[in-house]
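For the sequence shown, the residue numbers in mature numbering (1 follows the signal peptide of the UniProt record, and there is no 0) are -25 to -1, 1 to 366. Here a beta-carbon is modelled for each residue, glycine too, at the ideal position from N, C-alpha and C. Bear in mind that the values here come from a model prediction, so they are computed numbers and not experimental data. First comes the structure, then the notes that go with it.
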Amino acid sequence: MKRSLPLPLLFLFLLACLAFRSALTRSFHYQSNPPRDRNIHLDATLLSLSSHDPADSSLRTDISDLLQASLESFDTIGGKFRTISLWRRIGSDDTVRPRSLARIRLPVRAQTHYPPDRQLILPLFRHSLVTWARSHHAELPYSIMSELIQRIKRPIEIFNGRRDSGEPYGTCAVVGNSGILLGSNHGEFINSHQFVIRLNNARVVGYERDVGSKTSLSFVNSNILHLCTRRVGCHCHPYGENVPIAMYMCQPRHFLDYVVCNSSHKAPLLITDPRFDNLCAQITKYYSLKRFADLTGLSPTRWNETHDATTFHYSSGFQAVMLALGICKRVSVFGFGKIKGAKHHYYTNQKAELNLHDYEAEYMIYRDLIKQPEVIPFLSGFQVPPLVFYY
Ligand SMILES: *[C@@H]1O[C@H](CO)[C@@H](O)[C@H](O)[C@H]1NC(C)=O
Ligand SMILES: *[C@@H]1O[C@H](CO)[C@@H](O)[C@H](O)[C@H]1NC(C)=O
């Protein structure tokens, strides 16, 4: 069995979430240290701007279209694949045209591996999407970090045949994909953690000395699952079929992939709670706005002149660190950040950093999580556990 994904997929991973919500940032030159006396007025503006999601109305339209869609399935490519499509007639009387809203292609011989009856796909899709959307539009509860044990750790423990104590894991490692891991010799140390989280299906085989071999949870975004539907049983996770997956939903149409793949996955396929997604989005936006205001001296309301506000998004790595903070007593982070001369990804030859996220803002959050978590907005009441970055 092939262990790695074809090269084009790697680029798709990097473009993950780009089409829907990603970050386009321009770099600013550091000129001075951020002013110390940030006033209350600025903070109120930052809080209000970071709570507002400019992509919200288009998301609502997408969801409403998807909920009214019909399902169609047909064989393609000489009967080798089956296409499942959600479509809807869009337009006014004389220009009504069917438009495909979601589409997946499964290998035909895999069909026996997909227990949901064709009749069940649409109702399951609608139910999952409605539940997700309701939660996405709900007020942010400050308890969401504390709920991660129940939502993520518990199903994993039950799958592994253990009773969940309700207590966090003792030690967790979050392994990022930066080239700084090469030659680090961190492998054994990473494996010594009770719970190891890896990101976006990064390859492990051949890199064990530096990145370890243990994987307790694979954290991916839904673009990756979408690519996996082309494989028999949706299998393209490199850590084996017994490793649970936590997935961030980039696009509501990926619920089609989820419904089709969920039942063929042995291990839990968990979708991150949209309120947790919102928490991560608001914190990163707050820091990106703050950094903009500090560096330029301009009003944070002008942030959107240099950032694409509708597609701005946190990185998968950031959400994985936040997830670990919610389910672990101590968190070690490896393979985050860049140094001159280091490869972008330890397992690919991709040269440059794609400018999709505000990584600098995320580094500021990490510094505050380590040194002064009490200043981080939207986290009030949550006790941030000790966090250490290894380089
Ligand atoms: C996904 O699979 C799990 C475990 O088989 C099941 O409990 C859950 O209801 C499924 N969800 C959907 C939407 O099919
Ligand atoms: C940028 O954001 C401000 C404040 O939220 C808003 O008034 C303005 O219309 C936005 N500009 C653009 C180009 O979207």
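Give a yes or no on whether the C-beta atoms belonging to residue i and residue j are separated by under 8 angstroms.
{"i": "Phe56", "j": "Ile165", "result": "no"}
{"i": "Ile124", "j": "Ile302", "result": "yes"}
{"i": "Pro219", "j": "Asn176", "result": "no"}
{"i": "Leu115", "j": "Leu254", "result": "yes"}
{"i": "His288", "j": "His332", "result": "yes"}
{"i": "Ser191", "j": "Ile172", "result": "yes"}
{"i": "Thr58", "j": "Ser45", "result": "no"}
{"i": "Tyr366", "j": "Gly312", "result": "yes"}
{"i": "Arg78", "j": "Ser60", "result": "yes"}
{"i": "Ile38", "j": "Ala113", "result": "no"}
For residue i, tell me which candidate among the options has the shortest Cα-Cα distance.
{"i": "Glu335", "options": "Arg266, Asn176 and Phe287", "result": "Arg266"}
{"i": "Glu163", "options": "Glu183, Arg72 and Leu174", "result": "Glu183"}
{"i": "Thr106", "options": "Leu24, Lys189 and Met224", "result": "Met224"}
{"i": "Leu244", "options": "Ile127, Val179 and Leu123", "result": "Ile127"}
{"i": "His27", "options": "Thr276, Gln43 and Tyr341", "result": "Thr276"}
{"i": "Arg178", "options": "Thr146, Leu22, Arg109 and Thr323", "result": "Thr323"}
{"i": "Phe134", "options": "Lys241, Leu76 and Thr36", "result": "Lys241"}
{"i": "Val306", "options": "Thr146, Gly154 and Asp50", "result": "Thr146"}
{"i": "Met217", "options": "Ser239, Arg206, Val207 and Arg205", "result": "Correcting the residue identity first, residue 217 is Asn in this sequence and not Met. For Asn217, the nearest C-alpha among the options comes from Ser239."}
{"i": "Glu337", "options": "Gly356, Met297 and Ile96", "result": "Met297"}
{"i": "Asp185", "options": "His201, Gln169 and Asn160", "result": "Asn160"}
{"i": "Gln360", "options": "Arg78, Pro348, Tyr321 and Ala284", "result": "According to the sequence as given, residue 360 is Pro; it is not Gln. That would be Pro348, whose Cα lies nearest to the Cα of Pro360."}
{"i": "Lys346", "options": "Thr285, Val363, Gly53 and Thr247", "result": "Val363"}
{"i": "Arg63", "options": "Leu76, Ile52 and Gly154", "result": "Leu76"}
{"i": "Arg51", "options": "Asn198, Ile172 and Arg80", "result": "A small correction: the amino acid at residue 51 is Thr; Arg does not occupy that position in the sequence shown. The shortest C-alpha separation from Thr51 is found at Arg80."}
{"i": "Leu42", "options": "Pro29, Leu97 and Trp278", "result": "Leu97"}
{"i": "Ile356", "options": "Ile119, Ser39, Arg35 and Ala30", "result": "Correcting the residue identity first, residue 356 is Gly in this sequence and not Ile. Comparing Cα positions, the closest option is Ile119."}
{"i": "Thr247", "options": "Leu104, Ala44 and Ser45", "result": "Leu104"}
{"i": "Gly151", "options": "Asn198, Ala284, Leu202 and Tyr321", "result": "Tyr321"}
{"i": "Tyr144", "options": "Gly136, Glu122 and His168", "result": "His168"}
{"i": "Gly215", "options": "Asn198, Val180, His201 and Arg205", "result": "Val180"}
{"i": "Ser32", "options": "Ile314, Val149, Ala284 and Lys315", "result": "Ala284"}
{"i": "His282", "options": "Ser67, Ala19 and Pro29", "result": "Pro29"}
{"i": "Asp40", "options": "Arg228, Ala221 and Trp278", "result": "Arg228"}
Going by beta carbon distance, what residues of the same chain come within less than 7 angstroms of residue i, once the five residues before and after it are set aside?
{"i": "Phe100", "result": "Phe230, Leu231 and Val234"}
{"i": "Leu21", "result": "Tyr261, Leu264, Lys265 and Pro275"}
{"i": "Asn237", "result": "Leu244"}
{"i": "Ser25", "result": "Gln257, Lys260, Tyr261 and Leu264"}
{"i": "Gln358", "result": "none"}
{"i": "Pro(-20)", "result": "In this prediction, Pro(-20) scores a pLDDT of 43, lower than 50, which makes its location untrustworthy; no coordinate-derived value is stated."}
{"i": "Phe353", "result": "Leu115, Leu254, Gln257 and Ile258"}
{"i": "Arg11", "result": "Because the pLDDT at Arg11 is just 45, under 50, the model does not fix this residue reliably, and the point stays unresolved."}
{"i": "Gly54", "result": "Val83"}
What residues in its chain sit with their C-beta under 8 angstroms from that of residue i, if we drop five residues either side in the sequence?
{"i": "Arg138", "result": "Glu132"}
{"i": "Ser291", "result": "Ala(-10), Leu174, Asn175, Phe194, Val195, Asn196 and Tyr223"}
{"i": "Leu273", "result": "Phe267"}
{"i": "Pro130", "result": "Pro219, Pro243 and Leu245"}
{"i": "residue 367", "result": "Any answer about residue 367 is impossible in this case: the structure gives the chain only from -25 up to 366."}
{"i": "Val71", "result": "Arg64 and Ile65"}
{"i": "Asp252", "result": "His111, Tyr223, Met224 and Gln294"}
{"i": "Ile340", "result": "Ile258, Thr259, Tyr262, Phe293 and Ile351"}
{"i": "Asn8", "result": "The predicted model places Asn8 with a pLDDT of 43, which falls under 50 and marks its position as unreliable, so this point remains unresolved."}
Just to check, is the beta-carbon of residue i closer than 7 angstroms to a non-hydrogen atom of ligand 4?
{"i": "Leu344", "result": "Among the ligands in the structure shown, ligand 4 does not appear; only ligand 1 and ligand 2 can be found there."}
Please go through the same chain and pick out, in chain order, the residues whose beta-carbon is closer than 6 angstroms to the beta-carbon of residue i, but skip the five residues on each side of it.
{"i": "Pro73", "result": "Trp62 and Arg64"}
{"i": "Ile351", "result": "Asp343"}
{"i": "His111", "result": "Pro249"}
{"i": "Cys209", "result": "Cys203, Cys236 and Ser239"}
{"i": "Gln325", "result": "His319"}
{"i": "Phe170", "result": "Tyr144, Cys147 and Ser191"}
{"i": "Ser140", "result": "none"}
Answer with yes or no whether the minimum CB distance from residue i to chain B is below 8 angstroms.
{"i": "Val235", "result": "Given the protein chain composition of this structure (a single chain), no chain B is represented."}
- Item | Secondary structure, beta strand (DSSP E): runs of 3+ residues fully inside the segment 271 to 350 | 303 to 309
- Please list the segments of the beta strand (DSSP E) lying wholly inside the segment 201 to 280, counting only runs of 3 or more residues, in order along the chain. 220 to 223 and 244 to 246
- Which residue spans inside the segment 104 to 189 form an unbroken beta strand (DSSP E) run of at least 3? 144 to 150 and 170 to 174
- Quick one: residues with CB closer than 5 angstroms to any heavy atom of ligand 2, in chain order, please. Thr276 and Asn279
- Query: Which ranges would you report for the alpha helix (DSSP H) in the segment 29 to 72 if only whole runs of at least 4 residues count?
  - Reply: 31 to 42
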